[in-house]
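Q: Sharing a structure with you now.
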Amino acid sequence: MKKLLLLLSFLPLLSFAQENNEVKINAFGIFKSRIDIGYERIINYNAGIGSYFIYQWKEKYTVMPYYRFYTDNEGIAKDFFIEALAIYNRDKYSPLDDNGKTLNNEKWGSSLGIGAGVGEKYVFLSNLFVEAGLEAGIVKNLSASDRDQYGGLFRLFISAGYRF
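Numbered by mature numbering (1 follows the signal peptide of the UniProt record, and there is no 0), the letters in the sequence shown go through residues -17 to -1, 1 to 147 in order.
Have a look at this one:
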């Protein structure tokens, strides 16, 4: 009977919400006529994994999974962070002919890359947050095309989101 009472006394501790998931939207995506959303799963107090999905209507989409390390040990996944990320990009382009002129037929091309980022996250009202930062990386063109083989990524973001 004592063991049962002890077990039942710990049961309410398990019922509290863990709030390990976050969804967010980037404000700069609206200004560039694209959807820029993200999801993050908080692993522990100072680490999380997630992904951004960026979609520009009929022109381009990008998926960027990341691992994020938070420097604050007082709260769960907040304050200054650094992150490592991968980049997969698929977009339309117009190939060039032998004379360097643009052809009318559009093609889809792909690129893959890696990068890093830094930023800051502010959590308020326990479930709402705002984060800002910048990411930079290098991408390699995977398509057999006349486009540059390597390119750069630079992304500035200010996101608002909800933690649940």
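C-beta: ideal position from N, C-alpha, C; glycine also.
(1) Taking a contact to mean a Cβ-Cβ separation below 8 Å, would you say THR45 touches ILE37 in this structure?
(2) Using a Cβ-Cβ cutoff of less than 8 Å, which residues in the same chain neighbour ALA119 once the five nearest sequence positions on both sides are dropped?
(3) Please list the terminal residues of the continuous beta strand (DSSP E) segment that includes ILE8.
(4) Suppose contacts are defined by Cβ-Cβ distances below 8 Å. Is GLU2 in contact with ASN110 by that definition?
(5) Can you tell me which of the three DSSP states GLY135 falls into?
(6) Exposed or buried, which one is LEU117 when buried takes at least 16 other CB atoms within 10 Å?
(7) Going by beta-carbon coordinates alone, are VAL106 and ALA143 separated by less than 8 Å?
(8) Based on the DSSP secondary-structure assignment, which residues constitute the bridge partners of LYS43?
(9) Between the Cα of TYR22 and the Cα atoms of ILE8, ASN29, GLY96, SER93, which residue gives the shortest distance?
(10) Using the Cβ count rule (16 or more neighbours within 10 Å means buried), how would you classify PHE64?
(11) Starting from TYR53, follow its DSSP beta bridges and name the residues at the other end.
(12) Could you check what DSSP says for ILE141 in three-state terms: helix, strand or coil?
(13) Would you tell me roughly how many angstroms separate the C-alpha atoms of GLY58 and ASN27, rounded to the nearest one?
A: Looking at the coordinates:
(1) Yes, the Cβ-Cβ distance between THR45 and ILE37 is below 8 Å.
(2) In chain order, GLY98, ALA99, GLY100, GLY135, LEU136, PHE137, ARG138 place their CB closer than 8 Å to the CB of ALA119, counting only its own chain and leaving out the 5 sequence neighbours on each side.
(3) 4 to 9 is the span of the beta strand (DSSP E), which, as asked, contains ILE8.
(4) Cβ atoms of GLU2 and ASN110: closer than 8 Å.
(5) DSSP places GLY135 in the strand class (E or B) of the three-state scheme.
(6) Exposed is the label assigned to LEU117, since fewer than 16 other Cβ atoms lie within 10 Å of its Cβ.
(7) No, these two residues do not count as a Cβ contact at 8 Å.
(8) Paired residues: GLN39, ASP74.
(9) When each option's Cα is compared against that of TYR22, the closest is ILE8.
(10) The residue in question, PHE64, is buried, as its Cβ has 16 or more Cβ neighbours within 10 Å.
(11) In DSSP, TYR53 forms a bridge with PHE64.
(12) The answer is strand: DSSP assigns ILE141 an E or B state.
(13) Those two C-alpha atoms are separated by around 10 Å.
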